[in-house]
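Colleague: The following block contains the structure, expressed as structure tokens.
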Amino acid sequence: MKKNLTQKENTIYPTNKIVWFSKINLLIIFVITTLFFQCKKTEFAGETKGVCPEVVSTDPANAAVGVPTNKIVVVTFNTPMNGSTFTSSTFYVKQGTTVIAGTITSSGKTAVFTPTVNFSSNTLYTATVKAGVKDLEKNAMIADYVWSFTTGTAPDIIPPTVISTDPVNNATGVTHNKVIVANFSESMNPTTINSLTFLLKQGTTAVSGTVSYSGVSATFTPSVNLLPSTTYNATITTGAQDLSGNAITTNYVWSFTTGTTPPTVVSTDPINNATGVSLNKVIVANFSTAMNASTINSLTYMLKQGTTAVAGTVSYSGVSASFTPSANLLPSTTYNATITTGAQDVTGNAIVTNYVWSFTTGTIPPTVVSTDPINNATGVSLNKVIVANFSTAMNATTINSLTYLLKQGTTAVAGTVSYSGVSASFTPSANLLPNTTYNATITTGAQNVSGTAIASNYNWSFTTAGIVLGTAANFGSFGGNAGVTNQGLNTVINNGSIGTTAASTLITGFHDGLTADVYTETPLNVGNVTGGIFTAPPFPGTAVKFAIAQQALADANVAYLSMSPASKPGGTDPGAGELGGLTLAPGVYKSASGTFNISNGNLTLDAQGNPNATWIFQTAAGLTVGIAGPTGAKSVILINGAQPKNVFWYVGSTAIINGAGGGVMVGTIIASSGVSFSTAGNAVQTVLNGRALSLVASVTMVNTTINNQ
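If you're matching positions, the sequence shown starts at -4 in our numbering and goes up one per residue.
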């Protein structure tokens, strides 16, 4: 079967190849691919293999003219190469189709072609490095590299020279970690720049190190730091040659002397023998000069309590080294800090002797002894000021918005922090949300007047008050002292009762789910109540039922007041009285005009993942849901964990819910002057997931289902 290469495969195989394979040789192809293609330039299957060797420069450059006839050809790669892969078949020079005889050498990132005899004058030559030459990681170059150049009329006979060095000749105060550099007058044959042609000596003793070459610069990197106050001699020998084979005429020698004064620790914090040190102290040592940051670490900067090492983090900045303990220090305890002779300045000078100092921590840290509200408190008022009381007087400057936090989940609550006596107070900028859990924290940044911090963060939680319905929660519908009326065949009160403090004759069109009594003036309109019907006498009222109805009305009035703007101030009106089409987060919403409508679309309530999220809607006058017409019904939609039991409607007058029938309303509606669902004659079912409670007027339903939640 013949299979065209996919785009992904073309990152590995040339695009003009056609691969024939079957199910049997798929494994063989995979193995060949793995063995022979160790790198590529793009990611495949979320994995990058190696870095492909690439030619980054050549000498002569491509299209160069006037090249000396005694020129050697040098190619430089982006990575050190495997010299054994450079042969006469992988690196060669041609004049036309004629292969030029020569020798090939390789060192580090460079490969060199030296012709056996000089090139011909005024002649075009082409050099080639074949795909397949490999680096030290066995990654192969993925494409041939070809370039051309044209010779001039004569060979290059001018010898190279060393034109500058770093350090300069006779330099003093040279850093001990110095890399020695020699710069040439022209490009050199990199294979001639090595440990035999670039030497560093201290007197007659050779200094070990690594030699490298790039551009026109040779570099000698000592294996270890140079000695302080010592003179060194560097030499470039006549073995160093340019690309035409010309050597420098005489050895180039220069000298320099390293620096002298070692660094010292000039101060510490805490100072030696300090007492009363705070338990969260960061230990600092200041040096006389800039230090080599890599030598300031856990091996050269230590803190111990007796013989026990203290865990911590070491950092360095400017001339200061800091040791930050992983945990607070113990109270009333002596510690010893040490900077060892492994610490070096930027010139490589180490401090002469270990520097040791001691300090003693303060007494028992302060604690939070009580809070208001207490941990796990419930029913907390929405305008609560949160207070934490300490065991001792605190440093007031450490009691602030960074050390005293209040959060609802991961969201910080805005507020003001104050401190007086031994008490810290957090005053929220706005009322807290109802029925919501908050977490308060005093951090270890809080310190007493002697600078001792609390040992660990102090956390406590509390939950704010919701709307308490009392016995009114048992009623799906309550008609105040005016009654409850059903005007349709399909009205149902699920999981709840209905009630009124009026006479039983004002309950019309219902069947009592407890007693099987029918309260009706029109037998055709009989709504089903899964709970009981609670009214005043005569039929079939009893003193017990009447007392239950009276208590429910009293509890509904208390809940009504707790939902009012006076009890829950700060409500906003995001839609200027129109809630339709909005998506609202938990909170208190108050109509500025005195009425709320849901007519421009459905209202969506987003709990944002909080099952306790609560909404309170306050309207001084009416609430109207839906508009006239058979398609005018509107709904309240709950998302992301919102629950009907946490939605409340405070209505100063009358609530009219989908007068045309239909729609789903949500929440507990407590209206002063009555609630009505649909209108007589409508057969479309209207649903309320919640309660409809009226304080002084009746509740009227037509084909309505109330799911008491």
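In this text, a Cβ means the ideal position worked out from N, Cα and C, and glycines have one as well.
All values derive from a computational prediction rather than experimental measurement.
Verify the CB distance criterion: does residue 503 have a CB-CB separation below 8 Å to chain B?
Modeller: No chain B is part of this structure, which consists of one protein chain only.
Colleague: Determine the DSSP secondary structure at residue 538, reduced to helix, strand or coil.
Modeller: The count along the sequence shown starts at 1 and reaches residue 538 at position 543. The answer is helix: DSSP assigns residue 538 an H, G or I state.
Colleague: Between the alpha carbons of residue 150 and residue 338, how many angstroms are there, rounded?
Modeller: Against the sequence shown, residue 150 aligns to sequence position 155. Against the sequence shown, residue 338 aligns to sequence position 343. Spanning the two alpha carbons is a distance of roughly 55 Å.
Colleague: Check whether the Cβ atoms of residue 492 and residue 469 lie closer than 8 Å to each other.
Modeller: Indexing the sequence shown from 1 puts residue 492 at position 497. Indexing the sequence shown from 1 puts residue 469 at position 474. Cβ distance < 8 Å, so residue 492 and residue 469 count as in contact.
Colleague: Under the rule that 16 or more other beta-carbon atoms within 10 Å means buried, what is residue 705, buried or exposed?
Modeller: Absent from the structure is residue 705, since the part of the chain shown begins at -4 and ends at 704.
Colleague: Determine whether the beta carbon atoms of residue 115 and residue 160 lie at a separation below 8 Å.
Modeller: On the sequence shown, position 120 is the one that residue 115 refers to. On the sequence shown, position 165 is the one that residue 160 refers to. Not in contact: residue 115 and residue 160 (Cβ atoms no closer than 8 Å).
Colleague: Within 10 angstroms of the Cβ of residue 603, are there 16 or more other Cβ atoms? Answer buried if so, exposed if not.
Modeller: Start at 1 with the first residue of the sequence shown, and residue 603 comes out as number 608. When all chains shown are included, residue 603 counts as exposed.
Colleague: Can you tell which of 595, 82 and 221 has its C-alpha closest to the C-alpha of residue 127?
Modeller: In the sequence shown, counting from the first residue as 1, residue 127 sits at position 132. Ranking 595, 82 and 221 by Cα distance to residue 127 puts 82 first.
Colleague: For residue 438, which residues of its own chain have a beta-carbon under 6 Å away from its beta-carbon, when the five flanking residues on both sides are left out?
Modeller: Against the sequence shown, residue 438 aligns to sequence position 443. Once the five neighbours on either side are set aside, the close Cβ partners of residue 438 are 398 and 452.
Colleague: Report back the beta-carbon spacing between residue 559 and residue 572 to the nearest angstrom; my notes put them in contact at under 8 Å.
Modeller: The residue you call residue 559 lines up with position 564 of the sequence shown. The residue you call residue 572 lines up with position 577 of the sequence shown. Actually they are not in contact, since the Cβ atoms of residue 559 and residue 572 sit about 18 Å apart, beyond 8 Å.
Colleague: What residue does the beta strand (DSSP E) around residue 382 start on, and which one ends it?
Modeller: Against the sequence shown, residue 382 aligns to sequence position 387. Residues 381 to 385.
Colleague: Three Cβ pairs or more, each shorter than 8 Å: is that satisfied between the stretch 274 to 288 and the stretch 311 to 326?
Modeller: Touching, yes.
Colleague: Please check the pair residue 296 and residue 334, which I expect to be a contact at CB under 8 Å, by giving their CB distance rounded to whole angstroms.
Modeller: Stepping through the sequence shown from its first residue, residue 296 is reached at position 301. Stepping through the sequence shown from its first residue, residue 334 is reached at position 339. Sure, about 6 Å apart at Cβ, within 8 Å.
Colleague: Just how far apart, CA to CA, sit residue 38 and residue 124?
Modeller: Position 43 of the sequence shown, counted from the start, is the residue given in the question as residue 38. Position 129 of the sequence shown, counted from the start, is the residue given in the question as residue 124. Its pLDDT being 37, under 50, residue 38 is placed unreliably by the model, and the measurement read from it follows with that caveat. C-alpha separation (whole angstroms): 26 Å.
Colleague: Could you check if residue 133 is buried or exposed, using at least 16 other CB atoms within 10 Å of its CB as the buried criterion?
Modeller: Taking the sequence shown and counting its residues from 1, the one referred to as residue 133 is at position 138. It is exposed - the Cβ of residue 133 has fewer than 16 other Cβ atoms within 10 Å.
Colleague: Taking the straight line between their C-alpha atoms, what separation do you get for residue 101 and residue 110?
Modeller: As a first step, residue 101 must be located in the sequence shown, where it is residue number 106. As a first step, residue 110 must be located in the sequence shown, where it is residue number 115. Each residue's Cα considered, the two are about 15 Å apart.
Colleague: Indicate the three-state DSSP secondary structure (helix, strand or coil) for residue 289 in the structure shown.
Modeller: Counting from one through the sequence shown, the residue named residue 289 turns up at place 294. Helix, per DSSP.
Colleague: Determine, using beta carbons only, whether residue 486 and residue 458 come nearer to each other than 8 Å.
Modeller: The residue given as residue 486 occupies position 491 in the sequence shown. The residue given as residue 458 occupies position 463 in the sequence shown. Cβ atoms of residue 486 and residue 458: not closer than 8 Å.
Colleague: Whose C-alpha, out of 55, 178, 424 and 447, is nearest the C-alpha of residue 378?
Modeller: To locate residue 378, count along the sequence shown from 1; it is residue 383. Among 55, 178, 424 and 447, the Cα nearest to that of residue 378 belongs to 424.
Colleague: When the Cα of residue 314 is compared with those of 191, 302 and 258, which residue comes out closest?
Modeller: Your numbering for residue 314 matches position 319 in the sequence shown. If we check each option's Cα against that of residue 314, 258 comes out closest.
Colleague: Below 8 Å between beta carbons: does that hold for residue 694 and residue 687?
Modeller: Against the sequence shown, residue 694 aligns to sequence position 699. Against the sequence shown, residue 687 aligns to sequence position 692. In this structure, residue 687 lies closer than 8 Å to residue 694 by Cβ.
Colleague: To the nearest angstrom, report how far apart residue 614 and residue 592 are at their CA atoms.
Modeller: Reading the sequence shown from its first residue, position 619 is the one you call residue 614. Reading the sequence shown from its first residue, position 597 is the one you call residue 592. Straight-line Cα distance between these residues: approximately 10 Å.
Colleague: To which residues does DSSP link residue 375 through a beta bridge?
Modeller: Here residue 375 refers to the residue found at position 380 of the sequence shown. Looking at the DSSP assignment, residue 375 forms a beta bridge with 459.
Colleague: Classify residue 699 as buried or exposed, calling it buried when 16 or more other Cβ atoms lie within 10 Å of its own Cβ.
Modeller: In the sequence shown, residue 699 corresponds to position 704, counting from 1. It counts as buried.
Colleague: Looking at the strands, I want to know which residues DSSP matches up with residue 402.
Modeller: Taking the first residue of the sequence shown as position 1, residue 402 is located at position 407. DSSP output for residue 402 lists 407 and 434 as bridge partner(s).
Colleague: With distances taken from CA atoms, which of 98, 692, 394 and 142 is nearest residue 119?
Modeller: Position 124 of the sequence shown holds residue 119. Ranking the options by Cα distance to residue 119, first place goes to 142.
Colleague: Confirm, please, whether the CB-CB distance from residue 235 to residue 188 is below 8 Å.
Modeller: For the purposes of this step, residue 188 is identified with residue 193 of the sequence shown, where counting begins at 1. For the purposes of this step, residue 235 is identified with residue 240 of the sequence shown, where counting begins at 1. Yes, Cβ-Cβ distance for residue 188 and residue 235 is below 8 Å.
Colleague: Please determine, among 87, 95, 121 and 117, the residue with the shortest C-alpha to C-alpha distance to residue 106.
Modeller: Within the sequence shown, residue 106 is the residue found at index 111, counting from 1. Comparing Cα positions, the closest option is 87.
Colleague: For residue 349, which option in 390, 409 and 280 has the closest C-alpha, if you only look at C-alpha atoms?
Modeller: For the purposes of this step, residue 349 is identified with residue 354 of the sequence shown, where counting begins at 1. The residue with the shortest Cα to Cα distance from residue 349 is 280.
Colleague: Considering only their Cβ atoms, is the gap separating residue 278 from residue 741 smaller than 8 Å?
Modeller: Nothing about residue 741 can be reported from this structure: the residues present for the chain run from -4 to 704 only.
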